[in-house]
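Residue numbers for the sequence shown follow the working numbering, so the first one is 29 and each next one is one higher. Cβ coordinates follow ideal geometry from the N, Cα and C atoms, glycine included.
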Amino acid sequence: MKVLLFIVLALIAFLIYLLLRKSSKNLLFTTIFSILIIYIILNPKSCISFTISGAKLFFYSVFPSLFPFLVIVNLIFAFGGIEIYSKILGKILCTPLRLPKECSVVILASLFCGYPLGSRYACELYERKVINKVILERLLNIATNGSPLFIIGTVGTAMLNSTFLGYILLISNALSCIIIGLILPTKKTVNYSLSGNSSVAATQIKENPNFGVALKNALEDATKTCLSIGSFVVIFSVIISIIKSSGIYHTAINTLCSTGIIDHSILDGLFLGFIEITNGCSIVATSNLSLNVKILICSFLIGFSGLSITFQVYSFVYKYKVSMKKYLSLKVVQGIICTLITLLFLKLPFSLIEQETFFMNNSMLSSKTGFLAILIFIFLLPVILKKVRDCF
């Protein structure tokens, strides 16, 4: 076994040498995938276990909340929901973010169900010619944020043992999306009202589509989207598990941390969180780091979203030739902004423990009431910021 491991390592070293010599991207991917194949051949039982674990994660956690939401939103689109929501919430949500009011339904979908559904329905608007490519690229960075269920339930309550901290992370994430929308440059040639294209959405209302046909199409599209997302969840679960069980990975992490510059848990959590957000947050939450450091790292990972989510977004937008380098760079910026906002919350004059005690004991701040208050705050904030900006 040791001889085989030596041969594999020698082969890897030789391929890396060729890679550095020729600078071939194809060789890089071939090398990585070849290593994965070798690992699967040497550890078939482990890989089967990793795959089953990823499938359980999808079917028991992701699918139950994702599928009904997809079906309902598809029906909203089928019955002219774009035009209806644009009239009700378009000015409140979209005008301050310099987006056409037809984008309101996408922002709501992202706000309630999280990534990658914002990108999915942003592409839907683009395919219907309701928005152009410039607005599509803006909308992708504004409407790709974590869902309340994931941030409050999974990260806050389950991992950090505090629903209150989940609310802090949720508010920070929502504010970072708003700030990204305010700082993203716009082109003067873009008409943000898009009144001409609004007729596309308005026509759908007049057509009164058959409910049976609309439901059939909604179910088919939701199933296709869920299977696509599920495949990403499973394969990244396998990749993460392979990395975590690799002796080479742990040796590399221990070597980098031996200098004392960075803590082992921070590096481990950031690296795995860079690949897949849930694993990164879980590692950080179970570490011996201080609570504030845990919150800040989780806040960055939620804002950044990870490569797994990025590839899911790419699966929707690849045919439109959207720059993923720009998207990924802005997600890093959003992660930093999200971390800074969380840091500001942690630096408030009263202690975090006092805040949480007040939050938990006050009957007016129950979980449902608190979430409603956050939604109202998020809806009103863009309007307030627009008024402030207009004053200068």
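With DSSP run on the structure shown, which of helix, strand or coil describes residue i?
i      : result
Asn169 : helix
Leu374 : helix
Val99  : helix
Ser274 : coil
Leu127 : coil
Lys349 : coil
Gly174 : coil
Ser391 : No answer about Ser391 holds up, because its pLDDT of 42 lies below 50 and its placement is not dependable.
Gly301 : helix
Asp249 : helix
Ile159 : coil
Ser89  : helix
Tyr342 : helix
Ser72  : According to the sequence as given, residue 72 is Pro; it is not Ser. Helix at Pro72.
Asp296 : helix
Thr306 : helix
Thr182 : helix
Gly331 : helix
Leu255 : helix
Tyr195 : helix
Phe107 : coil
Glu152 : helix
Asn201 : helix
Leu243 : helix
Ser147 : helix
Asn282 : helix
Ile289 : coil
Ser318 : coil
Ser62  : helix
Are residue i and residue j closer than 8 Å when you measure CB to CB?
i      : j      : result
Thr338 : Leu358 : no
Ala246 : Ala106 : yes
Phe344 : Arg148 : yes
Asn13  : Leu298 : Shown here, the chain extends from 29 to 420; a query on residue 13 therefore has no answer.
Thr314 : Leu197 : no
Cys366 : Ser138 : no
Asn160 : Ile179 : no
Cys309 : Val183 : yes
Gly258 : Val90  : yes
Phe260 : Ser327 : no
Phe78  : Ser265 : yes
Gly82  : Val262 : yes
Ile163 : Leu127 : yes
Leu317 : Asp291 : yes
Return the chain-ordered list of same chain residues with a C-beta closer than 6 Å to the C-beta of residue i, the five sequence neighbours on each side being excluded.
i      : result
Met352 : Tyr342
Ile364 : none
Arg166 : Leu212
Gly209 : Leu125 and Ile170
So the candidates are the options; which of them puts its Cα closest to the Cα of residue i?
i      : options                           : result
Ile268 : Ile294, Ile311 and Leu284         : Ile311
Glu304 : Thr279, Cys285 and Ile270         : Ile270
Leu319 : Val241, Leu55, Ser293 and Val261  : Ser293
Val443 : Ile207, Lys349 and Phe264         : This structure gives no information on residue 443, because the portion of the chain shown stretches from 29 to 420.
Asn102 : Val241, Gly194 and Phe61          : Val241
Gln340 : Ile281, Ile199 and Leu168         : Leu168
Cys86  : Tyr346, Lys354 and Leu255         : The sequence shown places Phe at residue 86, rather than the Cys named in the question. Answer by Cα proximity: Leu255.
Lys428 : Asn238, Phe332 and Cys75          : Examination of residue 428 is not possible in this model, given that the chain is present from 29 through 420 alone.
Gly108 : Ile289, Lys84 and Phe239          : Phe239
Leu372 : Ile289, Ile199, Thr287 and Leu243 : Ile199
Give me, in chain order, the residues of the same chain whose beta-carbon lies closer than 8 Å to that of residue i; leave out the 5 immediate sequence neighbours on both sides.
i      : result
Ile323 : Leu188, Leu193, Ile196, Leu197, Thr370 and Leu374
Tyr348 : Cys151, Tyr154, Lys161 and Leu164
Asn389 : Note that Asn389 scores a pLDDT of 47, beneath 50, so its modelled location is shaky; the value from the coordinates is reported in the next line. There are no such residues.
Pro72  : none
Asn54  : none
For residue i, which residues in the same chain have their Cβ closer than 7 Å to its Cβ, ignoring the five residues on either side in sequence?
i      : result
Lys252 : none
Asp296 : Ile281 and Ile311
Val433 : Residue 433 lies beyond the range of the chain shown here (29 to 420); nothing can be said about it.
Thr191 : Ile180, Gly184, Thr185 and Ser395
Phe386 : Confidence at Phe386 is low in this model, with a pLDDT of 46, below 50, so the placement of that residue should be treated as unreliable; the coordinate-derived value is given next. Answer for Phe386: no residue qualifies.
Ile69  : none
Do the region 108-124 and the region 170-180 touch if we need at least three Cβ pairs shorter than 8 Å? no
Below 8 Å, can you find three or more Cβ-Cβ pairs linking the region 109-121 to the region 131-144? yes
Is it a yes or a no for the region 152-162 touching the region 177-197, going by three-plus beta-carbon pairs under 8 Å? no
Whether or not the region 272-284 and the region 86-96 are in contact is what I'm after, with contact meaning three or more pairs of Cβ atoms, one per stretch, closer than 8 Å; do they touch? As far as the Cβ criterion goes, the region 86-96 does not touch the region 272-284, which means the pair count is below three.
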